[in-house]
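Enquirer:
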C-alpha cells in the first residue's frame with residue numbers, strides 16, 4: 002500500500018502540480034512541500050472548518066491575484082496509510098474537502114476580474130471537471146448496453162469505430178503515461194524502484210482509479226447530507242521502507 006502511495010505522490014508532485022502551474026498559470030499548495038510569505042499567510046489564513054484547508058487557502062490566494070510557484074526541489078516526507086480502510090478515510094476527507102472548495106470558489110473564480118482566461122480555464126478544469134468526471138465515467142456502461150440493445154446483441158456491435166478506438170486508446174494510455182513521467186521526473190530514491198511503478202500501473206488500471214472515483218462520488222453525497230466528520234488517518238511506521246514516504 003505504501004509503495005503505491007509513494008508512486009502516486011510522485012505523479013502528483015513531480016507531474017501534476019508542475020504541469021498545472023505551467024499549463025494554467027497557477028500553482029497549488031498541498032499542505033507540505035512549500036512555504037508562505039508571513040504577511041500573506043496572516044491575510045489568507047487557514048480555515049479550520051474546511052476539510053482541505055490548504056487547498057482552500059491556495060484557491061483564495063490565487064483568486065486574490067497572488068502567485069503560487071512550484072519548486073520541485075522541495076521534498077517532504079510523511080507516513081503513508083498502510084491499510085485500505087486508512088487510505089479510504091484519508092482520500093474521503095481529501096475528496097470531500099476538494100468538493101467543498103469547488104462549491105465555495107468555482108463560480109466566483111470563473112467570474113473573477115483578476116484571473117486570466119487561461120487561469121479560469123484551469124480553475125474550471127480543476128474544480129469543475131474533476132467533480133463531474135467520476136459521474137460521467139459511469140455512463141459508459143448504460144451507453145454500451147443501449148448500443149448492444151439497439152444492435153440486437155453485444156456481438157453485433159462494431160467495436161472498431163475510429164472515434165471509439167482512438168478515445169479508448171487515449172483513456173487507457175493516460176495512467177501509464179503519467180506513471181512514466183512520474184518515474185522520469187520523480188526523486189532519485191523513488192525512481193530507482195522501477196518495479197513499484199510497474200506495479201502501480203497494474204493496480205491503478207484494474208482497481209485504484211475506479212476506487213478514487215467511487216470515493217469522489219461518496220464524498221459529494223456526504224457533503225450534500227452535511228456529514229463532515231474528520232476521521233484521523235492511522236499510520237504505522239513499522240516495516241515501512243523510508244523510500245515509500247517521500248512526497
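Residue numbers (the working numbering): 2 to 248.
Beta carbons are placed, not taken as given, at the ideal position from N, Cα and C, and that holds for glycine.
Using a Cβ-Cβ cut-off of 8 Å, state whether residue 85 counts as contacting chain C.
Expert: Considering every chain present, this structure includes no chain C. It has just one protein chain.
Enquirer: Compare the beta carbon distance of residue 277 and residue 121 with 8 Å and say whether it is the shorter of the two.
Expert: There is simply no residue 277 to check, as the chain begins at 2 and stops at 248 in what is shown.
Enquirer: Determine the closest residue to residue 189 out of 74, 201 and 202, with distance taken between C-alpha atoms.
Expert: The option with the nearest alpha carbon to residue 189 is 74.
Enquirer: Just checking residue 105 against the ligand ADP - is the residue's beta carbon closer than 7 Å to any of the ligand's heavy atoms?
Expert: With respect to the ligand ADP, the structure shown offers nothing to examine, as it has no ligands at all.
Enquirer: Closest to residue 59 by C-alpha separation, out of 79, 29, 37 and 51, would be which residue?
Expert: 29
Enquirer: Answer yes if the stretch 97-113 comes into contact with the stretch 213-231, meaning at least three C-beta pairs across the two stretches below 8 Å, and no otherwise.
Expert: Contact holds: three or more Cβ-Cβ distances are below 8 Å.
Enquirer: Tell me which residues share the same chain as residue 244 and place their Cβ nearer than 8 Å to its Cβ, disregarding the 5 neighbours each side in the sequence.
Expert: Low per-residue confidence applies at residue 244: pLDDT is 45, beneath 50, and the placement is therefore not dependable, though the value from the model is reported in the following sentence. Excluding residues within five positions, the ones whose Cβ falls inside 8 Å are 7, 190, 191 and 194.
Enquirer: Which full runs of the alpha helix (DSSP H) of 4+ residues lie inside the stretch 107-136, going along the chain?
Expert: 118-124
Enquirer: What residue does the alpha helix (DSSP H) around residue 79 start on, and which one ends it?
Expert: Per DSSP, residue 79 belongs to no alpha helix (DSSP H) and is neither H nor E.
Enquirer: Helix, strand or coil, according to DSSP, for residue 37 in the structure here?
Expert: coil
Enquirer: Within its chain, find whatever has a CB closer than 8 Å to the CB of residue 18; leave out the 5 residues flanking it on each side and keep chain order.
Expert: 28, 29, 31 and 71
Enquirer: Given that a residue counts as buried once 16 or more other Cβ atoms are within 10 Å of its Cβ, and exposed if not, what is residue 162?
Expert: exposed
Enquirer: Beta-carbon separation of residue 92 and residue 232 under 8 Å?
Expert: no
Enquirer: Along the chain, where does the alpha helix (DSSP H) that runs through residue 197 open and close?
Expert: 195-204
Enquirer: Just to confirm before moving on: does the CB-CB distance between residue 64 and residue 25 stay below 8 Å?
Expert: no
Enquirer: Taking all protein chains shown into account, do 16 or more other C-beta atoms lie within 10 angstroms of the C-beta of residue 187, making it buried, or fewer, making it exposed?
Expert: buried
Enquirer: Consult DSSP for residue 248 and reduce its assignment to one of helix, strand or coil.
Expert: Any reading at residue 248 needs caution, since the residue's pLDDT is 44, under 50, leaving its predicted position unreliable; the model's value is listed next. The answer is coil: DSSP assigns residue 248 none of H, G, I, E or B.
Enquirer: In its own chain, which residues sit with a C-beta less than 7 Å from the C-beta of residue 234, not counting the 5 before and 5 after it?
Expert: 82, 87, 90 and 91
Enquirer: Can you list the beta strand (DSSP E) stretches of 3 or more residues lying completely in the stretch 140-217, in chain order?
Expert: none
Enquirer: Considering only residues of the same chain and omitting the five flanking positions on each side of residue 229, which have a CB-CB separation below 6 Å?
Expert: none
Enquirer: What's the C-alpha gap between residue 56 and residue 127?
Expert: 11 Å
Enquirer: Here's the rule I'm using: 16 or more other beta-carbon atoms within 10 Å means buried, otherwise exposed. How should residue 118 be labelled?
Expert: exposed
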